[in-house]
Amino acid sequence: MASEQDSSLLAAVLDSWDRNCRALINLLRLIPAHALDARVREGSPTVSQMFSHMHHERMISVLENAPECAGEVPEEEWKHEADPDRLAELLGESGRRVRDAVVGRLEANRPLDRDYAHPIQLLQFLTFHEGYHHGQIRSALRSAGCQITDDEAGPVIWDVWKGR
Ligand code: NI
Numbered sequence: 728m729a730s731e732q733d734s735s736l737l738a739a740v741l742d743s744w745d746r747n748c749r750a751l752i753n754l755l756r757l758i759p760a761h762a763l764d765a766r767v768r769e770g771s772p773t774v775s776q777m778f779s780h781m782h783h784e785r786m787i788s789v790l791e792n793a794p795e796c797a798g799e800v801p802e803e804e805w806k807h808e809a810d811p812d813r814l815a816e817l818l819g820e821s822g823r824r825v826r827d828a829v830v831g832r833l834e835a836n837r838p839l840d841r842d843y844a845h846p847i848q849l850l851q852f853l854t855f856h857e858g859y860h861h862g863q864i865r866s867a868l869r870s871a872g873c874q875i876t877d878d879e880a881g882p883v884i885w886d887v888w889k890g891r
């Protein structure tokens with residue numbers, strides 16, 4: 728790292744990735760197991776499939792951009808996984824791999840292999856991508872009549888972001 732200010736900015740960026748990962752797992756934990764097969768409409772992916780897809784996106788991004796940190800990319804991108812604990816475990820692993828990939832490239836002062844102007848942009852891209860699917864998951868739950876209320880989401884999602 729070039730300076731003390733750079734390292735404190737990097738710590739803040741990594742902290743936001745950690746918060747994103749925590750909020751996503753917290754969202755998963757708010758969903759009753761039977762609601763993992765909710766969809767926005769017939770033919771849309773299930774809630775479970777969207778979580779699998781987010782894990783897949785992280786894993787393929789690491790493989791393509793920092794293969795030294797890659798793990799096993801799932802064969803099925805949109806797998807319907809019925810076990811929420813398994814989804815949480817996968818997301819835990821991919822969250823760590825993404826983090827390691829970015830930190831590793833920054834420490835080595837190397838760009839990512841394929842995409843992104845700067846390694847940090849991988850974190851920002853994935854945070855954006857996951858926010859997008861977060862909204863879709865909330866819509867799917869609403870369509871299936873098992874919506875998460877703002878009172879439930881507040882402390883474990885929004886406050887995770889805003890907490891000091
Ligand atoms: Ni997507």
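Each number in our numbering corresponds to the 1-based position in the sequence shown with 727 added. All C-beta atoms, glycine included, are put in the ideal place defined by N, C-alpha and C.
Unbroken alpha helix (DSSP H) run spanning residue i, endpoints
i: A867; result: 847-870
i: K889; result: 886-889
i: E804; result: Looking at the DSSP string, E804 is not in any alpha helix (DSSP H), and its letter there is neither H nor E.
i: H780; result: 774-792
i: D745; result: 731-757
Spatially closest choice to residue i from the options, by CA coordinates
i: A738; options: V829, A797, N792, R813; result: V829
i: P794; options: A760, V825, E808; result: V825
i: A760; options: D742, P811, L741, H782; result: P811
i: Q776; options: G862, K889, W805; result: W805
i: E869; options: H782, V774, V800; result: Reading off the sequence, residue 869 comes out as Arg, not Glu. Checked all of H782, V774, V800; the closest Cα to R869 is V774.
Residue environment, residue i, which counts as buried when at least 16 other CB atoms sit within 10 Å
i: Q732; result: exposed
i: M728; result: Model confidence at M728 stands at a pLDDT of 48, short of 50, so the residue's coordinates are unreliable and nothing is read from them.
i: E816; result: exposed
i: H845; result: exposed
i: W744; result: buried
i: E857; result: buried
i: R756; result: exposed
i: F855; result: exposed
i: N836; result: exposed
i: P772; result: buried
i: S735; result: exposed
Any contact of the stretch 808-824 with the stretch 783-800, i.e. 3+ C-beta pairs under 8 Å?
-> Yes: at least three Cβ pairs fall under 8 Å.
Pairing CB atoms from the stretch 865-876 with CB atoms from the stretch 759-766, are three or more of them under 8 Å?
-> Enough Cβ pairs lie closer than 8 Å, so yes.
Using 8 Å as the threshold, is the stretch 824-841 in touch with the stretch 767-778, meaning 3 or more CB pairs across them?
-> Cβ pair count under 8 Å is below three, so no.
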